[in-house]
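Here's the structure we're looking at; comments come further down.
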Amino acid sequence: MGTPPRRRETRIRGRDPHGPYWIYGAHAVRAALGNPARKVRRVLATREAAASLPADASPERAEAAAIAALLPPGAVHQGLAALVDPLSAPPLAEALVASPGPVLVLDQVTDPRNVGAILRSAAAFGAAAVIVQDRHAPLEGGAMARAAAGALERVPLLRAVNLARTLEALKQAGLWIVGLDAEAPTTLAEAGLGDRRLALVLGAEDEGMRRLTREACDLTVRLPQRGAVESLNVSVAAAVALYAVQHDRLEQESA
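Quick note: the sequence shown uses our numbering, first residue 71, plus one each step.
As structure tokens, this is what we get:
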């Protein structure tokens, strides 16, 4: 008898390979302090900003200029910064069970601010997770956390070693893979996706989805828009698409 073929598993990276980094800004720091899964090594705060922190935060007092010196040029820190370890991502199956919402899959979206903004929309509109490609996406960091405004602590950010294999795993879990493509003949509303659970795939703003990613989708759709602009920023497109597929559920929850 021959050796049975090895089962090919979907690999999702957990902790990013880089070390501790600085989170800055009021929303990002307070959310990190409130996340029991986040290891916070140091907290720096100006006298004014320290008053907004939980009583057990025990921040180190620092002048605004001293905090700014630890951060990228121009970083808006609002008098708060925290040195944190990157989060460990849950397994894909666990993230899908933890929330019934759609999943966002980003194909080579490389701007950390865009990923952060997408995480913020994911938190607002009930997405279960955001998945990025491991080798062509930014590491978790201060700019991403700042743009996410606390959502980095609430929405799992998963890193797929093989994006096509991850899309197949999402299909096996019962999700319908829908790629957003400005050239698609059908709009998201016309697709009639009803109550299907979706994985929405978005590509880089300049190039869109890669060919193999597009071929892995069950269908592609576009967001209807007037011709005044050529395309939407990827984070804006993600927010619009998420609201479009979640608005009925959101209305029911808020009723």
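Don't be surprised by glycine CBs; every beta carbon is placed ideally from N, CA and C.
Candidates the options: which alpha carbon is nearest residue i's?
i	options	result
Arg117	Val110, Arg111 and Ala132	Ala132
Ala98	Ala197, Tyr313, Arg280 and Ala215	Ala215
Pro142	Gly220, Pro208 and Ala213	Ala213
Ala286	Val175, Asp126, Arg108 and Ala207	Val175
Ala115	Phe195, Asp181 and Pro124	Pro124
Leu245	Ala269, Met279 and Pro170	Ala269
Ala159	Arg229, Ala121 and Arg284	Arg229
Asp276	Glu323, Val225 and Asp181	Asp181
Val179	Ile188, Leu263 and Gly144	Ile188
Asn232	Ala135, Lys109, Leu320 and Ala207	Ala207
Leu302	Pro226, Leu272 and Ala234	Leu272
Gln316	Ala121, Ala193 and Lys109	Ala193
Assign residue i to buried or exposed, taking buried as 16 or more other Cβ atoms, counted over all protein chains shown, within 10 Å of its Cβ.
i	result
Tyr94	buried
Val191	The residue asked about is misnamed: residue 191 is Ser in this sequence, not Val. Buried is the call here.
Leu289	exposed
Ala309	buried
Pro161	exposed
Leu282	exposed
Glu327	Here the chain covers residues 71 to 325 and nothing more, so residue 327 does not appear.
Ala107	exposed
Pro156	buried
Glu323	exposed
Taking the Cβ atom as the reference point for each residue, do residue i and residue j lie within a distance shorter than 8 Å?
i	j	result
Val304	Thr257	no
Glu217	Arg266	In the sequence under discussion, the amino acid at residue 217 is Ala, which differs from the Glu named in the question. Not in contact: Ala217 and Arg266 (Cβ atoms no closer than 8 Å).
Leu293	Ala274	no
Ala243	Ala198	no
Leu103	Ala127	yes
Asp251	Gly278	yes
Ala314	Ala259	yes
Ala101	Gly186	no
Ala134	Trp92	no
Ala119	Gly149	yes
Leu166	Val200	no
Do you know how far the Cα of residue j is from the Cα of residue i?
i	j	result
Asn105	Pro255	43 Å
Glu164	Val202	17 Å
Arg280	Gly249	11 Å
Ile137	Ile247	44 Å
Arg112	Arg205	29 Å
Ala311	Phe195	10 Å
Ala96	Glu130	15 Å
Val173	Asp318	17 Å
Leu263	Gly144	43 Å
Lys241	Gln295	29 Å
Leu222	Val146	17 Å
Leu209	Glu238	24 Å
Gly171	Arg235	21 Å
Leu140	Leu320	40 Å
Note the first and the last residue of the continuous alpha helix (DSSP H) segment covering residue i.
i	result
Arg284	Arg281 to Ala286
Ala193	Pro182 to Ala194
Gln178	Counting along the chain, Gln178 falls outside any alpha helix (DSSP H), and DSSP gives it neither H nor E.
Gly212	Gly212 to Ala218
Val271	Not the alpha helix (DSSP H): Val271 falls in the beta strand (DSSP E), residues Leu268 to Gly273.
Ala152	Taken as a continuous stretch (DSSP letters only), Ala152 belongs to no alpha helix (DSSP H), being part of the beta strand (DSSP E) at Leu150 to Val154.
State the start and end residues of the unbroken beta strand (DSSP E) segment that holds residue i.
i	result
Arg111	Val110 to Ala115
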